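Below you'll find the structure, written out as structure tokens, and then a few comments.
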Amino acid sequence: MAKDDRVTTRVGATAPRPTSTELTQGDIVNGRYRLERFLSSGGMGRVWQATDLDLRRQVAIKLMHPTLVATQTARERFLREAQAAARLRSVHVVSILDVNVDNERGAPYLTMELLRGEDLSRRLERGPLSYAQTMAVIADVCAAITEAHAKQIVHRDLKPANIFLVEGEGEVVAKVLDFGIVKSLHTATAGGDGRALTLAGTALGTVTYMSPEQADDAQKVDHRADLWSIAALTFECLTGKRAFRATSLAELIRETSGPRVVPSDVADELPHGFDQWFARATERDISRRFATVTALRDALAALGKSESRPREPSASPSLPPPSRSWASDANQIDINELRDLTFKNKVVTEFLDSGTKHFVVGSKGLGKTLLLTYKRSLLHEHYQGQDERKAAAVQFIPEGRPYLDLMGDLPSVGKAATTLMSSLDSCKRIWSFAFRVAAISHLTGHVGAPRGSDEREELSRFASPIRAMLEGRKAEPTVVVKQLLALSFRELQQMLDRTEGFLEYKIRSLHSAVFMFVDKLDQALRQLPRPAWVSMQAGMIEAAWDLMNTNAHVKIFATIREEAFADYESDIKTNLHGATTALRYTKRDLRDMLEKLTYFYERVALRDFVSVDHISSTRGAHSEAPFEFICRHTLGRPRDLVIISSEISRNRGALDHELFKRVVRETSAGMLVANVFNEMRVFLEILADRGARGRFLALLPHDVLTTPEIVDVWCRFHGFDREYYELHGYEAEGVYHPFRELFDCGLLGVIVRDPATGARTQRFRQPRDAVGGSFRQLPPSSHYLLHPALQALVTQVAGSGGFAPFRHVVIGHGQPWKSHYARMIEVQRELLAGAARGDHDTEDAVFELLRRFDAHVSAGESVDVARRLIAATAAFARLSARLERRGWDDLHLALLELFPSVGPELALAEGPRQRDGTRQISAPRNPTPDNPTHRAGVAMLLVDIVASTEYVERHGDTMLVEYLCGIREALTADGTESPRVVKGVGDGFLVVYDSVRDALLGAHALFGGAEDPAALRTVVHCGEVHVGAGDVYGAEVHRLFRLEKVAEDARVGPPGSVTLPIPGRTLLSAAAVAALPDAEQAGFERVGAFRIKGFEEPAEVWVEK
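Straight run, no breaks: the sequence shown in UniProt numbering ends on number 1105.
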């Protein structure tokens, strides 16, 4: 019998190993699947996007929860999911690719096709589907379940989260997921040894979509249980609401035993006859339901005008006009439209539904006012709806929208009042007073006309405007605050001190419900200095919190800027977190929100609204989806999306690819950027002034800046020369000041490295980020990036030719900083530096090579392969020869670094001169006419006189020349390693060898034979240099050897045990150490990492022990 070498698919066949380690991004499962991104979590396992390293494709991998691995029943149920789905050959069922056990961790897993799109539950969050859309989804689900029933498989857990909408070409295809609790009608639900995997009398599935018989006993169901679930799905698709609201089995039994759900009572515009269809599909008596899935589907299709399965087209040739104008501010929205407009993620829902959430924290433009208005509307509907008794019992302050009382700023205040408002304790006292007075002013008779001499005396202590409020003139808390700030400092303090007891007594005796709302306080205070702006907002919510704890009848709801909430410290701040909702929106949330708003305002889907499929950059081959392009030009806020979409709507009739890009760029520059400087003005000292801001922005040369360029702009802006900066700038407080302000506004980005994956990404300050840390210094970064919205504004400010953005570099928050970006930018820098040459043909040739390279990468080619492909072209050879002839060495060097003829790793090969213990570096020596340039991998020794200027001053030029001649003789003396090239480089020599070991031997010979070796500095490096027909190893060498000048001020990280420079000892680059045999590497120690001009990352330096 032939040996059976198949991999077992029985997950429960072997005993699991204990696993205590959670898998994380970058982990490799079973030596084959590398985890890339977490997708979701379910009852049985977690789903990741992964790379199949064998087949080089993206897959979805579901790994069993570590807590379930040791459970035999769970392992067999996990296997059953894979077996059930694998038996079904349908385009509407997710395809299973592999099932196995991770040998290292003992965790079962299955891999599936990776689907692009969203699940039905996510889609329904944006609102119901049309009949045509519903019919398309349900028909796909029915096709999958029909196939399952034909194989005697009952799904038993059909719900929106298990229906995935895959985006296809022109249509959406629904696929059924998660066969984890299927029941086989052939074999019953049993394990491999006959044990039941579902106990008799138990229920499995999601209660909301579960049939009554499944709730009673999951073992006693047949295929008609799935029909009930399909009916519940259909109901939710058409109405946007769940047919059954039960959250437990007991509730479900009560709900399905009670009055029937009538769809037309829940929603309008349902297909005629849907009530009857739904009633039959959800009959409690299963014999009266539809007999098959096909019958159920056909009956649903018959409700429409056509029995064909309609699908909405992917694009509409003529779009309907918008039903209304887009509202970018909450005061433009009708109260009755709040329910349809408000996007609800978990955070928003918690604030609206919870009775313990009172404060909304968020940056400008996140929708704080909208949510506070919606919360007030819900409370008003509950307490003051149709019940007059309730309306009389609850008082709302203000009586209208919460923001109307603060549309005007606070009056201008003097220095004393500003100092007062800069104290958190003082602000808290002011707001405590204001809330109490406002509450009393709305309760008729609570103070009223004084009934005795004591109360008259108490009221006499209040300023007359405040006394009028206590006697019945209704006032909002902010109006009270304005009155208080109009008093002199002495009058204010006296009144607060003398009236505190009286107000406390009155507020504690209050027994009527009072709801107060405060909004847009940050806007009213925006002229104040930062300490007062923060303390007034913080004092407000702390006073509100204390008052609600004093009297449970008083409820206060308010908004506060995230920057203020994060910027202050207090003993009770931790208590406030439980009552506070911090607004957070993911990128997916923003997309879903825009989808919802587009349908509300335009009555079309988002893709039909923008009417273009992909946006290609005018500066590169890169293309992206319209939403991605819009999102990159925002500051991550919902209001930004609304403002841009409003402008798209205005131009919708003539919208094409180019107009779309122009509208997005001009809107982001003209409205978003201008607004953010106003919104962040309390944090700005320079950029708050429009004139200074214009002068500063006009100095920016590119959209990607290095630290030296930032220093240069700083010097020019402040009128200092570079020498001043070198002497004093590093110690100056405001050296990066305007750039730090750009960073705090979210308009200047940095490059950060993900500690988990090591990948570098672009990061701009997001609305959820506090404005903290150093207010002068920038975060460290190899490059600094201008936000795309700012780029458009800078282009306008700088005028023609003053600002040159780099091509083929995609900038935006969360975008990857690709490994080749730095080299591409360097090529363009050198090209711009040589603009005075007027060589337009060379410029065109360079940009054409960059375009081809970007096209290769965008098409999915690896960066290394794309670099080699371009380097091998005749166009690159011609351009290289042209640059050599014209002496444009710096540009030529930059191109050679971007497009090397060999890979980035040195080509090490055995050679005829190899001796024991050495590895020779291969290097082509002779260029050919067909290939005028070569790259050669060689070992290089740089010999440098440490202080050549001082040497000349002490000994004269003649002695220096003789000293250099002595060095050359020592390097070339008999008995030393024969160098390939010895070349003078000013105050030293470049010596080229075939191996690093040879270079080290040459350095040792030099120290032994040269006069005064302590005056020498030697560095060994290996790498690729340019071998040209003219100057061998020419202009490129100076760049490779910039590490000769490395010193302690360039160190990255803490000081080391060795301090640079080190005369008399040889330094090595990391590449040189790596080229040595392993046994010899132990003779060297690491000095540290140093920033060196021309190197993208800090370079490691080593020294002989």
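For every residue, glycine included, the Cβ atom is placed at its ideal position computed from N, Cα and C.
Everything numeric in this text was worked out from a predicted model, so none of it was measured.
Relative to the C-alpha of residue i, which candidate in the options has its C-alpha closest?
i, options, result
"Ala544", "Phe278, Leu525, Val518", "Val518"
"Val810", "Tyr374, Gly1056, Arg763", "Arg763"
"Arg284", "Gly304, Leu300, Val261, Ala267", "Val261"
"Gly117", "Val172, Arg968, Gly539, Val154", "Val172"
"Glu562", "Leu659, Leu521, Val361", "Val361"
"Ala70", "Leu1000, Ala85, Pro108", "Pro108"
"Arg768", "Ala281, Gly365, Arg1086", "Gly365"
"Phe515", "Arg632, Ser287, Ile397, Ile466", "Ile397"
"Ser616", "His808, Leu352, Arg122", "His808"
"Asp889", "Leu831, Ile440, Arg693, Lys596", "Leu831"
"residue 1106", "Leu1006, Gly1023, His1021, Cys1022", "Residue 1106 is absent from the model: the chain starts at 1 and stops at 1105."
"Asp102", "Ala669, Lys220, Met44, Gly31", "Gly31"
"Thr67", "Ser325, Gln796, Arg75", "Arg75"
"Asn551", "Asp721, Val141, Ala513", "Ala513"
"Val735", "Val713, Phe433, Val750, Ala564", "Val713"
"Phe683", "Leu177, Leu525, Ile153, Ala836", "Leu525"
"Arg105", "Thr24, Leu1067, His380, Val846", "Thr24"
"Leu785", "Val771, Arg776, Ile825", "Ile825"
"Ala393", "Thr292, Lys357, Val554", "Val554"
"residue 1110", "Leu705, Thr1018, Arg765, Gln796", "The structure shown does not extend to residue 1110, since the chain is modelled only from 1 to 1105, so the question has no answer here."
"Ser40", "Gln49, Arg34, His892", "Gln49"
In or out: residue i buried (at least 16 other Cβ within 10 Å) or exposed?
i, result
"Phe1090", "buried"
"Gln276", "exposed"
"Glu848", "exposed"
"Pro780", "exposed"
"Gly838", "exposed"
"Tyr724", "exposed"
"Gln332", "exposed"
"Ile560", "buried"
"Ile945", "buried"
"Met959", "exposed"
"Asp1049", "exposed"
Quick one: give me the first and last residue of the alpha helix (DSSP H) that residue i is part of.
i, result
"Gln276", "274-281"
"Gly355", "Segment: none, Gly355 is in no alpha helix (DSSP H) and carries neither H nor E."
"Phe266", "Looking at the sequence itself, residue 266 is Val, so the reference to Phe does not match. Note, Val266: alpha helix (DSSP H), 263-266."
"Met548", "530-550"
"residue 1106", "Since the first and last residues shown for the chain are 1 and 1105, residue 1106 lies out of range."
"Asn331", "No alpha helix (DSSP H) contains Asn331, which DSSP labels as neither H nor E."
"Asp98", "First-last for Asp98: 96-101, but that is the beta strand (DSSP E), not the alpha helix (DSSP H)."
"Asp522", "521-524"
"Trp431", "424-441"
"Asp340", "338-341"
Which stretch, first to last residue, makes up the beta strand (DSSP E) that contains residue i?
i, result
"Pro108", "108-113"
"Tyr33", "33-41"
"Gln58", "57-64"
"Glu666", "Note, Glu666: premise wrong, no beta strand (DSSP E); alpha helix (DSSP H) at 657-667."
"Lys983", "981-984"
"Tyr993", "988-993"
Quiz item: Which full runs of the beta strand (DSSP E) of 3+ residues lie inside the stretch 712-792, going along the chain?
Solution: The beta strand (DSSP E) runs lying completely inside the stretch 712-792 and spanning 3 residues or more are 748-753, 760-763, 784-786, given in chain order.
Exercise. Inspect the CB distances between the stretch 231-242 and the stretch 264-278 and report whether three or more fall short of 8 Å.
Key: These segments touch.
Quiz item: Can you give, in chain order, each stretch of the beta strand (DSSP E) that sits fully within the stretch 558-604 and has at least 3 residues?
Solution: Taking 3 residues as the shortest admissible run, the stretch 558-604 contains the following complete beta strand (DSSP E) segments, listed from N- to C-terminal end: 580-582.
Quiz prompt | Inside the stretch 793-857 only - alpha helix (DSSP H) runs reaching at least 4 residues | solution = Here the runs fully enclosed are 821-833.
Quiz item: At a cut of 8 Å, does the stretch 460-476 reach the stretch 413-424 through at least three beta carbon pairs?
Solution: Look at the beta carbons and you see the stretch 460-476 not touching the stretch 413-424: under three pairs across the two are nearer than 8 Å.
Self-check item: the stretch 89-100 contacting the stretch 110-125, beta-carbon criterion three pairs below 8 Å
Solution: Counting Cβ pairs under 8 Å, three or more are found: they touch.
Exercise. Enumerate, from N- to C-terminal direction, the unbroken beta strand (DSSP E) stretches of 3 or more residues contained entirely within the stretch 115-163.
Key: Within the stretch 115-163, the complete beta strand (DSSP E) runs of at least 3 residues are 117-119.
Self-check item: Contact between the stretch 1080-1090 and the stretch 1056-1063 (3+ Cβ pairs under 8 Å)
Solution: At 8 Å Cβ cutoff, the stretches touch.
Quiz item: Is the stretch 625-636 in contact with the stretch 667-677, if contact means three or more CB pairs nearer than 8 Å?
Solution: At 8 Å Cβ cutoff, the stretches touch.
Self-check item: Sufficient close CB pairs (3 or more, under 8 Å) joining the stretch 577-588 to the stretch 598-614
Solution: Touching, no.
Exercise. Determine contact between the stretch 565-574 and the stretch 714-723, defined as no fewer than three beta-carbon pairs at a distance below 8 Å.
Key: Too few Cβ pairs lie closer than 8 Å, so no.
Quiz item: Counting Cβ pairs, one atom from each stretch, are 3 or more of them under 8 Å apart for the stretch 481-492 and the stretch 429-442?
Solution: Yes, the stretch 481-492 touches the stretch 429-442.
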